[in-house]
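Peer 1:
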Amino acid sequence: MNKQLAFGKLPSTWRRFEELGAAKNLKAEDFYRPADNHSVQHRNGRTGEILVSHPQPDIPEKQLHARTHRSKLQLALLKEVDETRVRLSSKLVHVTQEPSGRLLLEFQEGFKDEVYLLIGADGVRSAVRTFAFPDHRISYIGRTSYRTVITAEEIATIDGVPDAVTFWHGPKSWLYTCPLGDSKFEITTMTPEPASEKEKVSWGQDATIEENSKHFEIKQYALFAGPRLKSVIAYGSIALVGDASHPLSGAFGSGAGFALEDVFVLSRAVNWAHEQNLTLQDGLRLFDQVRGPYYRDLYGVLDKFGEADQYLKNVDLGFDDAVNVQVDKKWSKKYNWIQEYNGKKCQGSEGARCAIGKKRKFHWTALENLGF
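My numbering puts the first residue of the sequence shown at 241, with every later residue one more than the last.
1) With distances taken from CA atoms, which of A474, K267, L291 and Q281 is nearest D561?
2) Output needed for T429: all residues of its chain with C-beta closer than 6 Å, excluding positions within five of it in sequence on either side, in chain order.
3) From the DSSP secondary-structure annotation, give me the bridge partner or partners of I290.
4) Quick check on the DSSP output: the beta strand (DSSP E) that includes L344 runs from which residue to which?
5) Near A474, which residues of its chain fall below 6 Å by C-beta distance, leaving aside the five closest residues on each side in sequence?
6) CA-CA distance, G410 and R383?
7) Do you know whose CA, among P434, I578, S477 and S329, lies nearest S340's CA?
8) F347: which of S330, Y356, P300 and G363 sits nearest, CA to CA?
9) Is A435 buried or exposed, if buried means 16 or more other CB atoms sit within 10 Å of its CB?
10) With 16 as the cutoff for other CB atoms within 10 Å, does R327 come out buried or exposed?
11) Helix, strand or coil: which one does DSSP assign to L538?
12) Under a Cβ-count criterion, where at least 16 other Cβ atoms within 10 Å of its own Cβ denotes burial, should A268 be classed as buried or exposed?
13) Tell whether a beta-carbon distance below 8 Å holds between P295 and H278.
14) Which two residues bound the contiguous beta strand (DSSP E) that contains V235?
15) Quick check on the burial criterion: 16 or more other C-beta atoms within 10 angstroms. Buried or exposed for A262?
16) Short check: CB of L343 to CB of V335, under 8 Å?
17) State buried or exposed for D270, treating a residue as buried only when at least 16 other CB atoms are found within 10 Å of its CB.
18) Taking the alpha-carbon positions, what's the G540 to Q529 distance?
19) Work out the CA separation of S366 and E349 for me, nearest whole Å.
20) On the CB-based measure, 16 or more other CB atoms within 10 Å of its CB, does E501 come out buried or exposed?
21) For V355, does the count of other Cβ atoms within 10 angstroms reach 16, so buried, or fall short, so exposed?
22) Who are the near neighbours of L315 in its chain, counting only those whose CB is closer than 8 Å to its CB and skipping five residues on each side?
23) How about E368 and D362: do their beta carbons lie closer than 8 Å?
24) Considering only the alpha carbon of each residue, which of A396, Q516 and L488 lies closest to L542?
25) Count the other C-beta atoms from every protein chain shown that fall within 10 angstroms of the C-beta of K424, then say buried if there are 16 or more, exposed otherwise.
26) Under 8 Å by Cβ, that's how I've got A509 and L526 pegged, so tell me the actual separation to the nearest angstrom.
27) Could you round the C-beta distance between A513 and L506 to whole angstroms and report it? I think they count as a contact, below 8 Å.
28) Which of helix, strand or coil does DSSP assign to L260?
29) Just tell me which of D522, V555, Y551 and G558 has its CA closest to the CA of K569.
30) Distance, Cα to Cα, E437 vs D483?
31) Check the Cβ-Cβ distances between H278 and every residue of chain D, and say whether any is below 8 Å.
32) Hey, how far is the Cα of V405 from the Cα of E515?
Shown next, in the form of structure tokens:
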């Protein structure tokens, strides 16, 4: 069994890879793209009927949605950085602000360092977020995912599994199947699962699902989330990115892509401040100004999802009708802006509206400064 998790390479993520120079390090066989160029399909999990299939008519061919192993992207990125600056197996355990304003970092293996800028990219249980925002809390949201990767030969023995990016929906749960390239295939489930006396751990726990899974290695992902932070910068020297900044419980399946966008904007913002002879804090504020509204709107979408869940609790619907409501309210095309927006298509002087997703507002001057 291949232990690597899958990764959705969305149009906005492709653009980041191109700008970082890493796209050239990926070969066509490293990822999967559907032959008909759909981004995702949604099916009734009982009947197999396709309820929605999202095309990508306005996306350049080289930026179309793709799926691959996370390790493929990590290696592609690694080829574009100075590996001498990369430390592995270093868990941050403590942060202290020195009288000088610098931050003292202490790691589990005993290594210490003082820095002017600390970027918290350490996940949903972020130690950096705990230091910067000690009152912020995350909690288990009552849903758990189980994931595994098998070979294309193994999935071929199961009738009815399409060569497609597919969600199979039930009223409260879903199953996801998708080729990954390199003759691999991902299977993921999401299901309600009340917290038990055993403490839930958020990521990558070994799990066995009864006898029928004894030949497979399965990972369990108890989903944790927390409230939106009004700001993801602190002390004039700390910035949070990815799940550390906005623990969204994997609600959009795009957390790593969001993190890449965060880092891209952050690097441009800090560089902009340097070129303008401004302070580091000015650069961090610009980063917060650009990404804050985007995440605010993502949390707004989660509120809409919650309203849909509450509606289904209040009505007595059969399997098929409940699935139709789920797909209509949570997986419709109106949310495509989450992955497809492009700052270069925005225009206007007071907070531009994006050409993809007319209700998405961005600070145009900030985007111009960052080179979008």
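Even glycine gets a Cβ: it sits at the ideal position worked out from N, Cα and C. What you are looking at is a predicted structure, and each value in this text was computed from that prediction instead of being measured.
Peer 2: Taking the geometry as given:
1) L291
2) Y386 and L415
3) R283
4) L343 to F347
5) A372
6) 14 Å
7) S477
8) S330
9) exposed
10) exposed
11) helix
12) exposed
13) yes
14) Within the shown structure, residues of the chain are numbered from 241 to 612, placing residue 235 beyond reach of any answer.
15) buried
16) yes
17) buried
18) 17 Å
19) 18 Å
20) buried
21) exposed
22) N265
23) Here the sequence assigns Val to residue 368, which means Glu is not the residue at that position. Cβ atoms of V368 and D362: closer than 8 Å.
24) L488
25) buried
26) 4 Å
27) Incorrect: roughly 11 Å between the Cβ atoms, too far for contact.
28) helix
29) Y551
30) For E437, the predicted structure reports a pLDDT of 40, less than 50, and the residue's modelled location is therefore unreliable. The matter cannot be settled from this model.
31) Included in the structure is just one protein chain, with no chain D present.
32) 43 Å
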